[in-house]
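Reviewing the structure listed below.
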Amino acid sequence: MPPKQRAQISSTSSVPPIPKSITSTSQSTTHGKSSSTSSFSSKSNQSAQDVLIDLWNNYLNTTPQRVKLVDVFMAFLVMVGGLQFVYCVLVGNYPFNAFLSGFSATVGQFVLTASLRIQTNPENKMEFRSVSHERAFADFVFGSLILHFFCVNFIN
Amino acid sequence: MVAAALEPFMKGDTGRNTRGLLRLIILCTIAGAAVASRLFSVIRFESIIHEFDPWFNFRATKYLVQNGFYSFWDWFDDRTWHPLGRVTGGTLYPGLMVTSGIIYHILRLLSMPVDIRNICVLLAPGFSGLTAFASYLITSEMTTSPSAGLLAAAFMGITPGYISRSVAGSYDNEAIAIFLLVFTFYLWIKAVKNGSAMWGALTALFYGYMVSAWGGYVFITNLLPLHAFVLICMGRYSPRLYVSYSTWFALGTLASMQIPFVGFLPIRSSEHMSALGVFGLVQLVAFVEFVRQQVPNKQFQTLLRGLILVIFAVSMGALVLLTVSGVIAPWSGRFYSLWDTGYAKIHIPIIASVSEHQPTAWPAFFFDLNLMIWLFPAGVYLCFQQLKDEHVFVVIYAVLASYFAGVMVRLMLTLTPVVCIAAALALSSILDTYLVANNPTPKETQPNGQATGDVVKNATDYIKDSLRSTRNPVLGIYSYISKASVVGAVTTYLLLFVLHCTWVTSNAYSSPSVVLASKLPDGSQHIIDDYREAYYWLRQNTPPKAKIMSWWDYGYQIGGMADRPTLVDNNTWNNTHIATVGKAMSSREEVSYPILRQHDVDYVLIVFGGLLGYSGDDINKFLWMVRISEGIWPEEINERNYFTARGEYRVDDEATPTMRNSLMYKMSYYNYNALFPAGQAQDRVRGSKLPAEGPQLSTMEEAFTSENWIIRIYKVKDLDNVGRDHASAVAFDKGNKKKKTAKRRGARALRVE
Amino acid sequence: MRWLLSLTFAALLGIVQALSSSGSRLLVVVEEAAERAKYSTFWKDLEERGYKLTFDSPKNDKLSLFQHGERSFDHILLLPPKSKGLGPALTPNLLLQFINKDGNILLTLSADAPTPTAIFSLLLELDIHLPPDRNSLVVDHFNYDTTSASEKHDVLLLTRSSPLRSDARNFFGGDGALAFPRAVAQELGNTSPLLAPILRAKSTAYSYSPKDVVETVEDPFAIGEQIALVSSMQARNSARFTVFGSAEALEDKWFDAKVKPVGGKDSKTANREFAQQVTAWTFKELGVLKVGSVEHHLSSISEESFGNDSVARLGYLNPTIYRVKNDVTFNIEFSEYSYDHLAPLKIDPADALQLEFTMLSPFHRLDLVPISTTANSTIFSSSFKLPDQHGIFSFRVNYKRPFLTNVDVKREVTVRHFAHDEWPRSWEISAGWVWIAGVWITVIGWVAFVGIWLWSEPAYDKSKGKKMQ
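Residue numbers (this note's numbering), protein chains in the order written: chain A, 18 to 173; chain B, 20 to 772; chain C, 105 to 573.
What follows is the structure in structure tokens.
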């Protein structure tokens with residue numbers, strides 16, 4: 018039964034892109050300030066902390082839960098990958114194949130997850146007419162399985 | 020060649036099932052034609068492995084089938100590169116062997132025991148059928164007209180440029196690699212179009228297969244990033260591109276690293292760096308896009324764009340730095356020679372010595388591609404007209420492949436698919452315009468379509484889509500005369516093309532080169548089978564561990580047919596070892612003999628075409644031996660010494676002493692005088708009269724000379740039993756006795772012991 | 105050394121019936137029956153040692169060294185002919201062919217009978233030089249027999265030469281004076297390692313040409329110790345060729361003659377003993393090495409582990425392929441033939457029997473040490489670790505010493521690289537644990553993510569639904 022539901026939703030969601038564009042513009046207005054923190058070309062006089070908090074809240078409010086989940090996972094991957102890289106720089110990459118597979122597992126997973134995020138992000142609906150969310154997720158699982166197989170095989 | 024029998028096809032409205040079926044049938048017949056036209060060699064000669072490299076692949080496949088995959092993987096081959104041996108399992112692209120091994124086992128499972136040799140012989144034709152299918156798929160992605168796809172398939176099936184490397188028996192990596200190349204590109208385009216991770220992953224998988232099959236995978240490795248890069252530069256970045264490229268790169272790189280031979284290359288060598296760089300770029304662009312989606316600020320965008328450029332420049336600099344410092348391997352020689360055609364000739368004679376690596380002669384393009392060579396630009400132009408993502412790909416592919424094909428004969432192979440695609444696009448648009456589109460409502464088919472199967476088929480395929488193309492303002496050609504003339508011309512061209520392909524295939528590309536054919540004066544065919552005669556002589560008359568030295572061209576054949584250890588072979592991984600053989604061949608006997616002894620050489624095999632006029636012999640390759648060994652021992656071997664004072668390369672009376680004393684010269688012409696009346700000896704390749712007195716050999720003895728003198732085998736003598744040098748031993752045997760102790764001059768050398 | 109000497113004496117005493125290791129058919133080429141009779145003691149000695157003597161004249165048409173491509177004789181003893189040549193059956197080429205087919209030749213020369221050109225050129229091929237004047241003889245004004253040659257000084261009295269090298273075996277030692285009447289000087293070429301002098305002249309000797317006195321004075325053919333009176337050539341196939349400078353010294357009359365050196369006492373010549381030594385060596389009763397079994401195997405597998413199971417033994421012995429860094433043991437069995445039996449080989453402490461493990465050049469060169477002896481052989485052994493280089497290697501024992509037959513044993517083996525499953529697994533390398541952890545954390549994280557994703561489906565729907573409205 019769930020598949021049916023989902024299918025319906027996806028089919029309906031693909032029809033009206035207009036509201037989404039509205040939300041995105043509304044987002045961007047709020048983000049205009051936040052982005053200034055990174056670029057320091059701000060026109061606002063808010064302190065950086067406020068901007069960050071603002072951005073964070075905005076993110077929490079406007080992002081679908083699943084996308085949030087994806088973001089958490091991506092952050093996790095960045096952390097794991099970063100740790101490995103730092104370790105490699107500090108200690109050395111002695112079993113080079115192990116380092117490669119360890120590091121590229123996180124990178125690959127990150128990229129795949131990013132793809133999933135892009136595909137499932139409602140904002141990109143226009144781009145991916147042929148890719149439903151379920152399809153995207155299946156692709157993601159497919160790609161990840163291949164990735165994991167290669168990594169485990171490569172690490173020997 | 021392609022199926023005809025399509026009179027009652029005109030029920031276009033009965034549904035697409037009929038058309039689908041028809042298309043399937045046409046594709047099958049195209050595949051059949053592709054396979055059939057590659058069987059000339061089997062019919063003319065026999066089911067035999069061709070040329071040089073295929074013999075190694077065949078031997079490796081036999082090993083794989085006999086010993087299983089794991090021992091193939093760990094195969095240490097002690098019958099090549101004596102005495103170094105070769106870690107074969109780790110230094111080859113196993114895709115081809117594994118493919119035919121799998122086919123072999125599947126057939127056995129189906130209780131159809133087929134000799135592995137036949138599988139190997141027929142693998143290339145079989146895969147050419149698949150290639151035709153793949154090119155149908157990829158062309159269909161380019162255009163809405165299905166006739167283009169079918170035309171591309173037909174072109175791909177019979178174009179000589181591809182047949183040259185895939186006739187039955189030419190069991191080489193390219194046999195499956197071209198299919199994989201085209202199919203990978205198809206998957207890639209599919210991935211870019213749909214932005215689907217699955218297609219991207221499939222692209223990566225087939226890319227991995229391609230990596231396992233052919234060193235030419237680097238072409239894909241660079242073409243896909245270039246495509247992505249160009250798209251980004253054109254401002255066409257899309258999340259679809261991100262998905263497809265990232266998925267492909269992440270998975271494909273890992274997949275390629277699973278091949279032992281490739282190993283860490285994808286992150287170590289410069290050839291792969293563009294892919295890595297573009298991957299980084301795509302990530303950056305994606306990140307910027309992500310931010311940009313939220314920020315409409317123009318200034319900010321430009322700032323970010325600047326940031327990207329800076330990061331790109333910095334990473335480029337880092338790359339250069341890493342390359343200079345040696346962390347990343349610089350471009351390999353073969354790739355340098357792609358950019359600078361003179362490079363190999365100066366620096367790496369061993370690469371330049373391979374005829375496949377020579378620049379392509381202009382007639383070769385027409386010879387291999389025929390009418391497609393002028394349809395090709397038209398097709399590329401059509402791509403420019405539409406210029407969607409996939410068309411950009413074709414354009415880039417066309418530009419790059421044309422360049423590479425111009426640089427190296429061998430890379431004509433990578434050009435062929437894109438030429439077929441572009442030509443099919445052009446031709447189908449001509450046919451679409453002229454064959455049907457007169458009025459928006461022509462329900463009846465044109466009667467002039469019965470000319471040939473090819474055209475009719477295109478017509479049929481066209482019909483169903485004619486409506487779409489005529490949706491535009493009606494610009495149709497209304498005159499039947501112009502229609503008929505154009506269609507007639509095209510038909511004639513196509514017919515000529517088929518004729519040309521058949522002729523080229525049967526005459527130029529179907530010779531196994533192991534067996535030579537010649538025409539007798541009365542027109543009958545005469546088979547010259549010297550190679551196999553000699554190899555079987557070796558097989559039956561020498562001990563199984565006898566080491567055979569020959570120039571590297573024949574290493575694989577000796578290994579495959581004679582089953583004897585060789586010193587060097589066509590896998591030219593060790594330049595020094597090859598140079599050693601070159602030195603032994605090009606030095607005086609006194610210098611060569613210790614080298615031969617040191618390497619345990621028992622027999623020396625040379626190819627001599629002087630009697631028959633066979634131009635691919637060792638004397639003609641001799642200068643390469645000299646050059647290659649000069650690269651290692653410049654103070655001992657000097658190329659200049661082999662030319663006469665006037666700079667001529669001669670073998671007759673005027674040949675230089677260095678030339679006439681070289682082992683190769685001596686072995687080639689030893690006893691050759693005996694065939695002719697005194698003073699009449701003639702070399703038919705060089706067209707020169709030989710010195711009245713033939714060369715003397717003292718360190719070797721003639722062991723075997725084949726029927727037409729193409730192969731000559733010499734046995735290396737052991738050291739003289741009583742400690743003389745060989746020259747005096749030979750002189751003594753001939754009856755020249757030393758009469759007196761040579762008058763000693765100067766102080767006596769006293770024996771101290 | 106001592107046991108060898110004692111064996112030599114035993115042989116001399118005629119207790120042992122010796123038999124050459126390479127056959128007993130001996131052809132004696134002698135022109136006339138009268139000549140033959142002069143050497144009767146010599147013949148008797150040879151026959152006692154088991155040789156079957158065939159006397160033939162070089163003029164005999166039926167004489168042939170080969171029959172159906174095989175040697176008809178095992179050894180040849182050439183006495184100096186009276187006539188100029190040696191006939192068609194004994195051309196230099198045929199004699200050389202005889203040597204190449206493992207036949208041994210003892211050639212005797214005499215200054216009385218000019219050396220035939222054929223012999224001369226044969227010797228030149230072997231890098232042994234004779235005086236250009238065929239009548240030259242060796243004269244020594246300090247070491248001559250005063251009883252028989254008080255005028256001409258052409259009967260040399262000699263003691264045995266000292267051993268060639270400190271580590272070389274001396275088969276020709278002994279006491280007593282040797283009388284060499286009217287000897288022909290030989291000079292050995294300087295380059296050939298196959299040549300070795302057995303007996304050298306004293307430093308005061310010189311080669312004298314009666315015809316050309318001026319030449320003798322100004323440019324003598326050879327002088328002093330450069331003159332070899334008995335010289336040997338052992339070919340690569342270990343066939344032996346000895347030139348005996350004075351045929352007369354083998355005659356009966358010199359076997360038991362009394363000689364008196366300058367200012368010395370009368371003594372009996374040791375010619376007979378010396379002749380025995382020279383013939384015994386030339387005809388391969390002495391100094392013949394024999395290689396028995398040659399084995400190599402992984403050191404980790406010992407013979408005991410298989411006991412008497414011959415099938416299992418076959419499996420581990422002499423494999424054709426090893427892996428780099430394997431520990432390998434190499435055993436070789438050596439015997440030495442002395443007069444009539446094989447005895448265990450003993451290596452002089454100053455010398456060494458060495459094993460090479462070689463590809464193009466030796467990667468290892470190791471001393472082989474005796475580990476056990478059987479009744480007639482010694483087993484030498486060496487264990488070592490194979491180099492970290494794959495390729496086609498050979499175990500090679502190359503033992504070539506003066507007066508011993510050449511030993512060059514080569515066993516080819518392949519040394520392969522590590523197979524894919526012989527590398528340490530990733531978890532055995534502690535440095536790799538971090539990365540392994542990285543991979544598995546990623547995988548586990550992924551699984552968790554997938555789980556949560558699927559589980560969070562409804563929530564997503566809800567948010568989605570909200571948005572839609």
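Think of the CB as a built atom: it goes at the ideal place given N, C-alpha and C, for glycine as much as any other residue.
Just so we're clear, the structure is a prediction, and the values are computed from it rather than from any experiment.
Cβ pair residue i, residue j closer than 9 Å
{"i": "B/H596", "j": "B/W94", "result": "no"}
{"i": "B/M604", "j": "B/W570", "result": "yes"}
{"i": "C/R129", "j": "C/F177", "result": "yes"}
{"i": "C/G391", "j": "C/L508", "result": "yes"}
{"i": "A/V173", "j": "C/S534", "result": "Residue identity differs from the one stated: residue 173 of chain A is Asn in this sequence, not Val. No, the Cβ-Cβ distance between A/N173 and C/S534 is not below 9 Å."}
{"i": "B/D548", "j": "B/L535", "result": "yes"}
{"i": "C/I180", "j": "C/L210", "result": "yes"}
When the options are compared against residue i, the one with the closest alpha-carbon
{"i": "B/S215", "options": "A/H165, A/N173, A/F166 and A/T130", "result": "A/T130"}
{"i": "C/T433", "options": "C/A479, C/S486, C/N422 and C/S465", "result": "C/S486"}
{"i": "C/W544", "options": "A/T123, A/D156, A/T137 and A/E151", "result": "A/T123"}
{"i": "C/S350", "options": "C/T386, C/L213, C/S336 and C/A332", "result": "C/L213"}
{"i": "B/T435", "options": "B/V413, B/D451, B/L454 and B/T452", "result": "B/V413"}
{"i": "B/G507", "options": "B/G234, B/M644 and B/L454", "result": "B/L454"}
{"i": "A/F120", "options": "A/L94, A/L107, A/N138 and A/P139", "result": "A/L94"}
{"i": "B/V600", "options": "B/G650, B/L394 and B/A196", "result": "B/G650"}
{"i": "C/A374", "options": "C/E355, C/T158 and C/I425", "result": "C/E355"}
{"i": "C/A253", "options": "C/G495, C/L183, C/V366 and C/P235", "result": "C/V366"}
{"i": "B/T150", "options": "B/I440, B/K736 and B/A693", "result": "B/I440"}
{"i": "B/A443", "options": "B/A172, B/A503 and B/G145", "result": "B/A172"}
{"i": "A/V162", "options": "B/L273, B/H69, B/R57 and B/R136", "result": "According to the sequence provided, residue 162 of chain A is Leu. The question's Val does not apply to it. Measuring from the Cα of A/L162, the nearest candidate turns out to be B/L273."}
{"i": "B/V411", "options": "B/D588, B/R607, B/V437 and B/I49", "result": "B/V437"}
Status (buried if at least 16 other CB within 10 Å, exposed otherwise) for residue i
{"i": "A/I39", "result": "With a pLDDT of 35 at A/I39, under the threshold of 50, the modelled position of this residue cannot be trusted; read the value that follows with caution. Per the 10 Å Cβ criterion, exposed."}
{"i": "B/F385", "result": "exposed"}
{"i": "A/P81", "result": "buried"}
{"i": "A/A153", "result": "buried"}
{"i": "B/L43", "result": "exposed"}
{"i": "B/T107", "result": "buried"}
{"i": "C/A279", "result": "Residue identity differs from the one stated: residue 279 of chain C is Asp in this sequence, not Ala. The residue in question, C/D279, is exposed, as its Cβ has fewer than 16 Cβ neighbours within 10 Å."}
{"i": "A/G99", "result": "exposed"}
{"i": "B/A337", "result": "exposed"}
{"i": "B/N36", "result": "exposed"}
{"i": "B/L328", "result": "exposed"}
For residue j and residue i, believed in contact at Cβ under 8 Å, the rounded distance
{"i": "B/G176", "j": "B/S60", "result": "Rounded, the Cβ-Cβ distance is 17 Å, inconsistent with contact."}
{"i": "C/P506", "j": "C/R269", "result": "7 Å"}
{"i": "C/M463", "j": "C/F484", "result": "That pair is no contact at about 22 Å."}
According to DSSP, residues forming a beta bridge with residue i
{"i": "B/M568", "result": "B/V623"}
{"i": "B/H545", "result": "B/S537"}
{"i": "C/N208", "result": "C/H179"}
{"i": "C/K362", "result": "C/K372"}
{"i": "C/F499", "result": "C/F461 and C/R515"}
CB contact below 9 Å: residue i versus chain F
{"i": "A/V95", "result": "Included in the structure are the protein chains A, B and C, with no chain F among them."}
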